[in-house]
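Student: Each residue of the sequence shown is one higher than the one before, starting from 4 at the first, in our numbering. We treat Cβ as the ideally placed atom computed from N, Cα and C, and that holds for glycine. Quick one: this structure, given as structure tokens, is what I'll be asking you about.
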Amino acid sequence: MKLGIRQLELLRSVGTTAALVVPCAISRRLCELGLMKAERPDGSFSHVTPSGLRALADAAEEGSIDLFVMPVDKPCGDRG
């Protein structure tokens with residue numbers, strides 16, 4: 004299937020505009036695997052790579068992860 008540029012831009016904006024500012028062990032490992040890429044040498048500003056998106060899509064297709072989970076309303080505490 005060939006997608007149009009606007010379709011691709013929408014998919015990109017929904018799935019790839021975030022970055023992890025502060026690195027952690029998980030993000031460092033994902034960078035080592037090529038599934039994320041850090042923009043700074045200290046590992047900060049890590050973002051998903053095309054390989055990471057493929058891995059996420061594969062996991063979603065096999066049922067290992069949901070791409071969207073509806074938020075659950077949490078009861079409000081006493082604001083009195």
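(1) Taking its Cβ as the centre, do 16 or more other Cβ atoms sit within 10 Å of residue 39, making it buried, or is it exposed?
(2) Once the 5 residues before and after residue 70 are set aside, which same chain residues still bring their CB inside 8 Å of it?
(3) Which stretch, first to last residue, makes up the beta strand (DSSP E) that contains residue 49?
(4) Quick check on DSSP: helix, strand or coil for residue 22?
Tutor: This is what the structure gives:
(1) Here the question's residue 39 lines up with position 36 in the sequence shown. Burial call: buried.
(2) Residue numbering aside, residue 70 sits at position 67 when the sequence shown is read from its first letter. The answer, listed in chain order, is 59 and 63.
(3) If you number the sequence shown from 1, residue 49 lands on position 46. Start and end: 49-51.
(4) Here residue 22 refers to the residue found at position 19 when the sequence shown is read from its first residue. Here residue 22 sits in coil by DSSP.
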